[in-house]
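Numbering (this note's numbering), first residue to last: 345 to 439.
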């Protein structure tokens, strides 16, 4: 399984989060930088463990939009057997 580890500490806007995810996960150039496109790309991944650290920091910086990202992460992992997502709040504990 391919493991990709990201820190969300610098995600100070939804755009920054989308850019970081696009780069780390090699999304196509036409990636739409929106939650529907994120879901589509995540559900296309095979044999991938995505670990996102510093989620508490991203939540503080992005605010209420962070919950929409969480929903997409969890829905994509549930609907794609080739994808596992672990979210770390910053203390090392999974959420």
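We treat Cβ as the ideally placed atom computed from N, Cα and C, and that holds for glycine. None of the values given here were measured: they were computed from a predicted structure.
Looking at the secondary structure, which residues open and close the alpha helix (DSSP H) in which residue 363 lies?
Element bounds for residue 363: 358-369.
Simplified DSSP assignment, three categories, for residue 418
In this structure, DSSP gives residue 418 a helical state, which the three-state scheme calls helix.
Alpha-carbon to alpha-carbon, residue 383 and residue 430
Going by the C-alpha atoms only, they are around 16 Å apart.
Helix, strand or coil, according to DSSP, for residue 429 in the structure here?
Strand.
Which of helix, strand or coil DSSP assigns to residue 404:
In this structure, residue 404 counts as helix in the three-state DSSP scheme.
So who's on the other strand from residue 382, going by DSSP bridges?
Beta-bridge analysis with DSSP links residue 382 to no other residue.
Should the stretch 394-412 be regarded as contacting the stretch 348-367, the criterion being three or more beta carbon pairs within less than 8 Å?
Three or more Cβ pairs closer than 8 Å define a contact, and the stretch 394-412 meets that threshold against the stretch 348-367.
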